[in-house]
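*Asks:* In the working numbering, the protein residues as written are 16 to 244.
To start, I am sharing the structure in question, which I have written as structure tokens.
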């Protein structure tokens, strides 16, 4: 019995040291159960967006898209300065003396990034445009709704493979904040615009089962499908 108790003590001590090692040395590279990493994973599960104003700020400060992503790996979440309420949720993350805010609008697939953020300024934009700078790693992230109009428009564009749509969005996609309805219930509605060759295409999307669900397309000639309805 004494030997068993001694072994359990050694096991407990080893486990404790291992836990401390993991928390303090790998907290930003693993341990998804830690509160900070759960938040960071929630942000990375969305599409990261920077507004036109933030892009100008990034250019002035020589901050790249890659450095924004790195903030989510190496930065420290300041929970005391974050807002966790449902209607205006955002998290403040500090890295190398600079504050970054990442919004998490309810039922939305975007997270807007702010640099040198102050509490009163960390609110998802309602005007202008935003560039899409990072996407979840999912080749089937986009799918088209099964309503007749959307399917007709998809076929008209000859974009039957949704991976092609995702590729175009990654290349030229932007969100139209003014046209989006991010406070709409039960699902936020996003207006995402992109180019196919020289054709401007606007889409309405919702977030459904961690996918970007296109409910309709709008482009020159798209009314043809409405007439067939």
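All residues carry an ideal CB built from backbone N, CA and C; glycine is no exception.
Assign residue 116 to one of three DSSP states: helix, strand, or coil.
*Replies:* Residue state, collapsed to three classes: strand.
*Asks:* Please classify residue 214 as buried or exposed, where buried requires at least 16 other C-beta atoms within 10 Å of its C-beta.
*Replies:* Result: exposed.
*Asks:* Contact between the region 191 to 205 and the region 108 to 126 is defined here as three or more beta-carbon pairs at a separation below 8 Å; is this criterion met?
*Replies:* Contact holds: three or more Cβ-Cβ distances are below 8 Å.
*Asks:* Let me know the secondary structure DSSP gives residue 163 once reduced to three states.
*Replies:* Note: residue 163 maps to helix in three-state DSSP.
*Asks:* Determine the extent of the beta strand (DSSP E) in which residue 207 is found, giving its start and end residues.
*Replies:* Run containing residue 207: 205 to 211, per the beta strand (DSSP E) assignment.
*Asks:* Hey, out of 229, 114, 195 and 145, whose CA is closest to residue 181's CA?
*Replies:* Nearest of 229, 114, 195 and 145 to residue 181, Cα basis: 229.
*Asks:* Measure the Cβ-Cβ separation of residue 86 and residue 110 and say whether it is below 9 Å.
*Replies:* Going by C-beta atoms, residue 86 is nearer than 9 Å to residue 110.
*Asks:* Strictly by DSSP, which residues pair up with residue 126?
*Replies:* According to DSSP, which records beta bridges pairwise, residue 126 is partnered with 63.
*Asks:* At the level of alpha carbons, what is the spacing between residue 42 and residue 144?
*Replies:* In this predicted model, residue 42 has a pLDDT of only 48, less than 50, meaning its place in the structure is not dependable; the value taken from the coordinates is given anyway. Approximately 34 Å, taken between the alpha carbons.
*Asks:* Which of helix, strand or coil does DSSP assign to residue 94?
*Replies:* The answer is helix: DSSP assigns residue 94 an H, G or I state.
*Asks:* Under three-state DSSP, which class holds residue 50?
*Replies:* Three-state DSSP puts residue 50 in a helix.
*Asks:* Measure how close the beta-carbons of residue 226 and residue 156 come, nearest whole angstrom, since I'm counting them as under 8 Å.
*Replies:* The pair is a contact, with the Cβ atoms about 6 Å apart (cut-off 8 Å).
*Asks:* Can the beta-carbon of residue 63 be found closer than 9 Å to that of residue 149?
*Replies:* Taking 9 Å as the Cβ cut-off, residue 63 and residue 149 qualify as a contacting pair.
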